[in-house]
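What the sequence shown shows, in UniProt numbering, is residues 1 to 635, in sequence order. Take a look at the structure below.
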Amino acid sequence: MTLWEPPPDVRETTRVGAYLSWLSGTRGLEFADYAALWQWSVDDLPAFWQSIWDYFGVIAHDQPSGVLPDGASMPGAKWFPGATLNYAEHVLRMPGRADDETAIFAHSQTRRTLTLTVAELREHVRAVRAGLRARGIGPGDRVAAYAPNIPETYVLMLATASLGATFSSCAPEFGVRSVIDRWQQIEPALLVAVDGYRYGDKTIDRRSEVAAITAALPSLRDVVTIGYLDPAHDTFSDLTGDDPLAYEPVPFDHPLYVLYSSGTTGLPKPIVHGHGGILLEHLKMLALHHDLGPGDRFFWFTTTGWMMWNFLAGAPAVGASIVLYDGHPGLSQLWDLIDEAGITYFGTSAAFLMASRKAGLTPRKPNLKAIGSTGSPLPPEGYHWVYESVGRQVQLQSLSGGTDVCTGFVGGVPLLPVHEGRIACRALGARVEAYDPAGHPVIDELGELVITAPMPSMPVAFWNDPGGHRYREAYFDVFPGVWRHGDWITIAPDGSCVITGRSDATLNRGGVRLGTSEFYAVVDNLPEIADSLVVHLEPDTLMLFVVPADGHNLDDPLRHRIRTELRSALSPRHIPDEIHAVRAVPRTLSAKKLEVPVKRILTGTPVEAAAAKGALANPESLLAFEALARKRTMS
């Protein structure tokens, strides 16, 4: 079912339409539709990425000798060799924006709302850059931030990048062990940390955690405190100097920031992203896919521990201002922020949209241009709720990608309609395919999501990974020379697609692979159920765990209803053998369900070995599965 259609003048009114006109006028290239544009973008990688470089006017201090001169083999593809540039220079350029226009709107539950103009943001970055430089920070040094989604963190990231140093952030709700596991790997020279924060009505003091983190990082030469709870603790305001704003020219693949895998089942992978790859990818995605530019206010509900914060941070490079939010809002409060901050693109998670639907909200937003949804697949009911309750004019963009590339592989674009339950397209420059177990591409069949050609924002490397062993093992061991991402995907002949869960959490019954998202779309839609998680244990036991909604209990009639709904909506293979009630489903700090650690616990792995508690939003939730594992062993 089609829920939204591009307007007739879409090529005249969108940034991707302007890009198509530019390709016609400067390259002599004409494309009848998005499918033809995408095919060219993945068939001729050098031409496509050179066009992104030229169209957005990338500032090169030294010009590249080519785009991809050594070919497109993976891993190890080298992009734009010889070029030097700086990511921060492009973000602070803010094309189409006047100095007195708002660059940042920052809402917080810890302090009053703040705004920074374009000129004020540049001045803050200049001052902090000078302060970092005075403390000996320069190219190659690592700067760590244990700080929330506030202007200070953003300014610090840009100042660090402007010096050619490398940035890394953890949200202050991360546990001490989780932070140490990340930062001991990269050995930061300087730490900037908040003294605490407010979470709803609670005041959370983090000074003891900061002290423990500091003690575990002998590489630190300095620690700076943001007095977020108490201004008396602040030393961040002393991180200043008189040097003019400048940008260190660095190679295309020079480390910009280090992101991390979730670290739920082992030491987090330190994923190094480069200045040039992130710049080009975000210019492409933010402008051409999300249609952001001057006049837009871009928001994504995220913390500094999730790659969506880094994605949000790039929006000023295409002329958009950004909206930062720190706190634990109710559903209605976040929808109200759209009006308060003038948001035109509202980014959130599928879980938030489904929770809003379940709560019966109708947040009419006639001025909202688009909604982005990621983190997990959005079921058809979520699509319908957006168009019934938010607005018919909204373009809903369901997208999926990863920390590994700091972007989306698949998502939306203004040129294509929105169909219920479907992701509209494969992103430009991303050769996404579905592979069967033998490594053959399939259409209209469930397969492994793979990338068969390099992208500039693929990791430069993993930090401290001699010979690239961990890097190759993470992505290229299953299909040599092909990036295996770890998701199940079905790609339709028109290029739209459906992602049905993680392939490492596959449910395999009688040789038939079942995606976990199908279960959740049915079970979580029941009014008696607040949340759920499903795992498959060998040889063939399907176990469903549910969190009953307030006022409900898991009894035999509810078990029968769940089984009946799964049979009628999906198939007899989807009927669980066991259904158990739990108080909470374990989730990462970015709200992803943890099927694999639960499966490991149920098969006898100790909790401390199955999951890193510091990487979980609710580590206590694992205890119920540990108790069940003991009970199963005894019976």
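Ideal Cβ placement from N, Cα and C applies to all residues, glycine included.
Beta bridge counterpart(s) of R198 as assigned by DSSP
DSSP lists T203 as the bridge partner or partners of R198.
Consult DSSP for E538 and reduce its assignment to one of helix, strand or coil.
When secondary structure is reduced to three states using DSSP, E538 falls in the coil class, being assigned neither helix nor strand.
In chain order, what are the residue ranges of uninterrupted alpha helix (DSSP H) at least 4 long that sit wholly in the segment 403-482?
The segment 403-482 contains these whole alpha helix (DSSP H) runs: 469-475.
Report yes if the C-beta distance between V522 and L570 is below 9 angstroms; otherwise report no.
With respect to L570, V522 sits close: the two C-beta atoms are nearer than 9 angstroms.
Residue span of the beta strand (DSSP E) that contains W4, given as start and end:
Element bounds for W4: T2 to W4.
Please report the straight-line C-alpha distance between L280 and P480, rounded to a whole angstrom.
For L280 and P480, the distance between alpha carbons rounds to 26 angstroms.
If you draw a straight line from the alpha carbon of K358 to that of F352, how long is it in whole angstroms?
If you draw a straight line from the Cα of K358 to the Cα of F352, it comes to about 10 angstroms.
CA nearest to the CA of D238, picked from D141, R133, L259 and G468
For the residues D141, R133, L259 and G468, the minimum Cα distance to D238 belongs to R133.
Check whether the segment 412-431 and the segment 26-41 are in contact - that is, three or more C-beta pairs closer than 8 angstroms.
Judged by Cβ distances under 8 angstroms, the segment 412-431 makes contact with the segment 26-41, as three or more pairs qualify.
So, with DSSP's three-state summary, where would you put M307?
In the structure shown, M307 falls within a helical segment according to DSSP collapsed to helix, strand and coil.
Report the rounded CA-to-CA distance for N464 versus I186, giving the unit in angstroms.
Their Cα atoms are separated by approximately 8 angstroms.
Alpha carbon to alpha carbon, how far is G408 from P172? Give it in angstroms, no decimals.
Rounded to whole angstroms, P172 to G408 spans 26 angstroms at the Cα level.
Rounded straight-line distance, which links the Cα of G360 to that of V386
The alpha-carbon atoms of V386 and G360 are separated by roughly 12 angstroms.
Per DSSP, which one or two residues make a beta bridge with F545?
Paired residues: L533 and H580.
Roughly how many whole angstroms lie between the Cα atoms of H419 and H90?
Separation of H419 and H90 (C-alpha to C-alpha, rounded to the nearest whole angstrom) is 35 angstroms.
Hey, could you find the ends of the beta strand (DSSP E) R502 is sitting in?
That run of the beta strand (DSSP E) goes C497 to R502.
Which residue marks the beginning of the beta strand (DSSP E) containing T166, and which one marks its end?
Start and end: T166 to C170.
Where do the ends of the alpha helix (DSSP H) carrying T225 lie?
Element bounds for T225: not the alpha helix (DSSP H) but the beta strand (DSSP E), D222 to I226.
Cβ of L45 within 9 angstroms of Cβ of V67?
In this structure, V67 lies closer than 9 angstroms to L45 by Cβ.
Please state the DSSP three-state secondary structure of T588.
For T588, the secondary structure class from DSSP, reduced to helix, strand or coil, is strand.
Would the beta-carbon of D99 fall within 9 angstroms of that of T113?
Not a contact, by the Cβ cut-off of 9 angstroms.
Can the beta-carbon of H273 be found closer than 9 angstroms to that of V250?
Contact annotation: H273 and V250 have beta-carbon atoms that are not nearer than 9 angstroms.
Give the range of the beta strand (DSSP E) segment to which T26 is assigned.
Annotation for T26: no beta strand (DSSP E) segment contains it, though the alpha helix (DSSP H) segment containing it runs R15 to R27.
Quick test of the definition: if touching needs 3 or more C-beta pairs under 8 angstroms, does the segment 383-400 touch the segment 362-374?
Yes, the segment 383-400 is in contact with the segment 362-374.
Are the segment 67-76 and the segment 222-238 in contact at 8 angstroms, needing three or more beta carbon pairs?
Output reads no: the segment 222-238 does not touch the segment 67-76.
Under three-state DSSP, which class holds Q184?
In the three-state scheme derived from DSSP, where H, G and I count as helix and E and B as strand, Q184 is classed as helix.
Consider the Cβ of A119: report whether some Cβ of chain C lies at a distance smaller than 9 angstroms.
Any reference to chain C falls outside this structure, which holds one protein chain only.
What did DSSP end up calling R135 once you bin it into helix, strand or coil?
Of the three classes helix, strand and coil, the one that applies to R135 here is coil, per DSSP.
What are the boundary residues of the beta strand (DSSP E) that D326 is part of?
Element bounds for D326: S321 to D326.
Between which residues of its own chain and L378 is the CB-CB distance below 7 angstroms, once the five residues before and five after are set aside?
Within the same chain, L378 has close Cβ partners A350, L353 and S398.
Should S65 be labelled buried (16 or more other beta-carbon atoms within 10 Å of its own) or exposed?
Per the 10 Å Cβ criterion, exposed.
Specify, as a first and last residue, the run of the alpha helix (DSSP H) that H282 falls within.
Residues H275 to L283.
Grab the span of the beta strand (DSSP E) containing T117 for me, first residue to last.
That run of the beta strand (DSSP E) goes L114 to T117.
Alpha carbons only, please: which of I451, T603 and T14 is nearest the one belonging to D540?
Checked all of I451, T603 and T14; the closest Cα to D540 is T603.
Would you tell me roughly how many angstroms separate the C-alpha atoms of A145 and S262, rounded to the nearest one?
Looking at the two C-alpha atoms, the distance is approximately 17 angstroms.
Within 10 angstroms of its Cβ, does E433 collect 16 or more other Cβ (buried), or is it exposed?
Sixteen is the threshold: when 16 or more other Cβ atoms of the shown chains lie within 10 Å of the Cβ of E433, as they do, the residue is buried.
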